[in-house]
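Input: a single structure, listed below in structure tokens.
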Amino acid sequence: MEPTAPADLSHTDLSRTWALVPIRGLETAKTRLGEDLDAEERVELVTRLLRGTLRATRDARRIAGTIVVTMDPDAAGVAKELRAIGLVERAPGLNEAIVAARSVAAARGATAILVLPADLPAVTAAAVDEVLERAGGFGPAPGLVVLVPDRHGLGTNALLVSPANAIEPAFGESSRSAHAARAATAGARYEELDGPLSLDLDTPADLIAAEAAIGSLRG
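The sequence shown begins at 115 in our numbering and counts up by one.
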């Protein structure tokens, strides 16, 4: 997917920020944790993380709504239980799924999107609100991209974009630098934030680090 041109940039507006939560599926997510967790434990952990993410976005004062984009009807069902929209999307990849969810948010009046992968063990409503509050302090701009990197400094754990289509998502290998480059191409202001959302769970080492920081995540 190529970087977008700046044609659609108007101004930063966080007044109707929608959270987009991509998750492939409850049984197929986080297979790299198989060294430490069996299949049942992994599904339980993934479900708990998804529920925690959706409670955080539901209770955050600055989030207007949440869309879970997934290939799994069961994950969409969890979304509906927690007052989010469950979008079952057979998109060919993660970024394409996020674009599909962005279109649904835009149709509901979203002025900004916050992409939150469903693997952030320290996510809370306060942490989500803090990202938006700090982003609002950056002042007016023709476009804004705010990123929370992962603890390794390579990936993207949260991505706030206003207007919602200011850049195209670039999740994947070295997504931190890819998002920064797309913001520069689009002429948008680019900022990075730290905080509890820098913890994610991709590998057994991530699981150990997260449990050292916030306690056991198993059972």
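Cβ atoms here follow ideal geometry from the backbone N, Cα and C, with glycine treated the same way.
With a cutoff of 7 Å on beta-carbon distance, L234 and L128 are scored as not near each other. Here T238 has A170 as same chain residues with Cβ atoms under 6 Å from its own Cβ, once five neighbours each way along the sequence are excluded. For D186, same chain residues with a beta-carbon under 6 Å away, outside a window of 5 residues either side, are G139 and L140 in chain order. A292: member of the alpha helix (DSSP H) spanning S289 to A300, first to last residue. Straight through space, the alpha carbons of T317 and A297 are spaced by roughly 28 Å. One Cα belongs to R162, the other to A205, and the distance between them is close to 24 Å.
DSSP places L163 in the helix class (H, G or I) of the three-state scheme. Take the alpha-carbon of T131 and the one of R156: they are about 31 Å apart. In this chain, the alpha helix (DSSP H) harbouring S217 covers L208 to A221.
For L246, the enclosing alpha helix (DSSP H) has its first and last residue at A239 to G250. Note that the C-beta distance between L168 and I181 is not below 7 Å.
In the three-state reduction of the DSSP assignment, L228 falls in the strand class. Between the alpha carbons of R248 and A190 lies a distance of about 30 Å. Taking 4 residues as the minimum length, the alpha helix (DSSP H) runs contained wholly in the segment 160 to 202 are 187 to 195, in order along the chain. Apart from sequence neighbours up to five positions away, the residues of its chain that approach R303 with a beta-carbon distance below 6 Å are A255 and L258, ordered along the chain. In the three-state DSSP reduction, A272 falls in the strand class (E or B). Under the three-state reduction of DSSP, I322 is assigned to helix.
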